[in-house]
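Note sheet for the following structure.
2 protein chains.
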Amino acid sequence: MLEPMARKTGSHAEQTGPRVRTAALQLFSKFGYAAVSMRQIAKEVGVQAGALYTYTPDKQALLFDLMRAHMLDLLDAYGRVARKNASPHQRLEDFVRFHIHYHIDRADEVFISYMELRNLTQDHFEAIEAFRRRYEAALEDILRAGQESGVFRVSDVRVTSMAIIAMLTGVNTWFRDEGRLSREALADIYWDMVARMISGVEVPA
Amino acid sequence: MLEPMARKTGSHAEQTGPRVRTAALQLFSKFGYAAVSMRQIAKEVGVQAGALYTYTPDKQALLFDLMRAHMLDLLDAYGRVARKNASPHQRLEDFVRFHIHYHIDRADEVFISYMELRNLTQDHFEAIEAFRRRYEAALEDILRAGQESGVFRVSDVRVTSMAIIAMLTGVNTWFRDEGRLSREALADIYWDMVARMISGVEVPA
DNA sequence: GTCTATAATGGGATAGAC
DNA sequence: GTCTATCCCATTATAGAC
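Here's what the structure looks like:
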């Protein structure tokens, strides 16, 4: 160690890269991509604005990387949870519980991935949308399997899958860990609602 | 009419005010509040940027007015549809169909009212949130009435109302009039799902 | 009511020293 | 890898002429 230890400047490559991403994630989520300046991100990280360009070619790439990483993580995490050979009922319950827990823990990433789509360039937008469709398709597969085996009664697989994802993701707008409900109680309630929604039991008019 | 008719400048007070609001609405919805400049709005209206300040004290007030007008319209429109003395089942069906139709027709307003909350000042934010809570409370009242009279079986009124609103509003992200489903077919599907979700019928595990 | 011009500030991104 | 300094351009909002 020939360099002074208390220096304010110097090389911190392995630390600074992730810190830039974390700062951008939090700031974009809180104020919106367009409202956040590179100078703000730099200040949060503790470097000068020019130094950010060591880690990203530009602001747009920073946004895309965050959204892409989120979608890849989501697909990967679900892939490790999904049990393709289980019953449709079990697979759906797994999906519901996975979605709620995964999304609650990643409020910033989820928020950005829904809110900042319009700030992506065309190519980037299409890439993110493709990832999202893969996730939606996973749910549609489960609904179709249940429908075909007669355990679910779903009037429209596509609409039902969009309804389920919207209602589950909506949890992020109001749920707080300090609130009245535990995560487990929350997931139980949502699973009960989803199970009824797709049940084969006839409902009296 | 003493003034020339083809003039580029002059007074158009009654026309320009609404045009400013319409342009702001569309641009904020498409690109986001922070990403839209007063110059862009002015260009869309066909005036110079300075002229906008005849109609709004600043950009923030323009956003707030749009969101406030949307919430007031929503509460007013629902108030005219709601039948307080009908059965909970009927009132819920009315709510579901009203929400879907009303929101599909106002995609820009709905988008802004959900996306731009963070760009409001504290006072403005609280005002909008109060309107939103009134709308949510209307749905909660219906669910509570059905629960108490035994026709609904709802495990948590608050969670169920948030789930229903999220799933209904989610329609706006994907529904297109040129698509596979008519609005009526869409509303039928959603009402079917909601009716099952809150039904008193036991679902087999 | 709208224009032109401008004040005051801040934006993204780059160059070159260290 | 980070800094300082800077380019160039856009921003919101206002002043004063018409």
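Chain order of the listed sequences is U and L. Its first residue numbered 1, the first sequence is counted upward by one per residue in our numbering. Its first residue numbered 1, the second sequence is counted upward by one per residue in our numbering. No residue lacks a Cβ here, since even glycine has one placed at the ideal position from N, Cα and C.
- Non-local C-beta neighbours of R144/U in its own chain, meaning closer than 6 Å and more than five positions away in sequence, comprise V157, ordered along the chain.
- The beta-bridge partner set that DSSP reports for S199/L consists of F152/L.
- Exclusion of the five residues before and after I100/L leaves L168, V171, L186, A187 and Y190 as the residues of its chain whose Cβ lies within less than 7 Å of its Cβ.
- Per DSSP, S182/U lies in no alpha helix (DSSP H) segment and is marked neither H nor E.
- Between Y55/U and E116/U, the C-beta spacing is not below 8 Å.
- Shortest Cα-Cα distance from V194/L to any of R83/L, Q90/L and L66/L involves Q90/L.
- By the C-beta criterion, the stretch 23-31 of chain U is judged to be in contact with the stretch 100-112 of chain U, since at least 3 inter-stretch pairs fall below 8 Å.
- Taking the CA atoms as reference points, A82/U sits about 15 Å from G146/U.
- For T173/L, the closest alpha carbon among the candidates G10/L, A86/L, R39/L and A107/L is that of A107/L.
- For Y53/U, there is no enclosing alpha helix (DSSP H), as DSSP marks it with neither H nor E.
- Here the stretch 158-165 of chain L makes no contact with the stretch 66-78 of chain L; the two share fewer than three CB pairs at distances below 8 Å.
- Interface annotation, W191/U: not in contact with chain L, CB-CB separation never under 8 Å.
- Looking at F125/U, A86/U and S37/U, the one whose alpha-carbon comes closest to that of K59/U is S37/U.
- Rounded to whole angstroms, the Cβ separation of I198/L and R153/L is 7 Å, and the two are in contact under 8 Å.
- In terms of Cα proximity to V45/L, the closest of D65/L, P57/L and A23/L is A23/L.
- Interface flag for T121/L against chain U is unset, since no Cβ pair is found closer than 8 Å.
- A Cβ-Cβ separation of about 39 Å leaves L52/L out of contact with V96/L under the 8 Å criterion.
- The DSSP-derived three-state label of R19/U is helix.
- Cβ contact annotation for N119/U (same chain, cutoff 7 Å, sequence separation greater than five): Y33, A34 and L63, in chain order.
- Among the CB atoms of chain L, none fall inside 8 Å of the CB of D73/U.
- Proximity of G170/L to chain U, defined by a Cβ-Cβ separation below 8 Å, is satisfied.
- Bounds of any alpha helix (DSSP H) do not take in L117/L, whose DSSP letter is neither H nor E.
- In this structure, the alpha-carbon of A49/U lies about 13 Å from that of T16/U.
- Taking the Cα positions, P88/L is about 6 Å away from I142/L.
- Around the beta carbon of H12/U, fewer than 16 other beta carbons lie within 10 angstroms, which makes this residue exposed.
- If the five residues before and after F125/L are omitted, its C-beta is found closer than 7 Å to the C-beta atoms of L117, all from its own chain and listed in chain order.
- Here V151/L really is in contact with G200/L; their C-beta atoms are around 6 Å apart, less than 8 Å.
- Sorting H103/U, A42/U, V47/U and K43/U by C-alpha distance to the C-alpha of G10/U places V47/U at the top.
- At a cut-off of 8 Å between beta-carbon atoms, S199/U makes contact with chain L.
- If you compare the alpha carbons of L139/U, R196/U and S182/U with that of K84/U, the shortest gap goes to L139/U.
- For Q48/U, there is no enclosing alpha helix (DSSP H), as DSSP marks it with neither H nor E.
- With a threshold of 8 Å between beta carbons, D105/L makes no contact with chain U.
- Close to M167/L, with beta-carbon spacing below 7 Å, are these residues of chain U in chain order: A163, A166 and M167.
- Residue contact with chain L for D156/U: present (Cβ-Cβ distance below 8 Å to some residue of chain L).
- The three-state secondary structure of G10/L, taken from DSSP, is coil.
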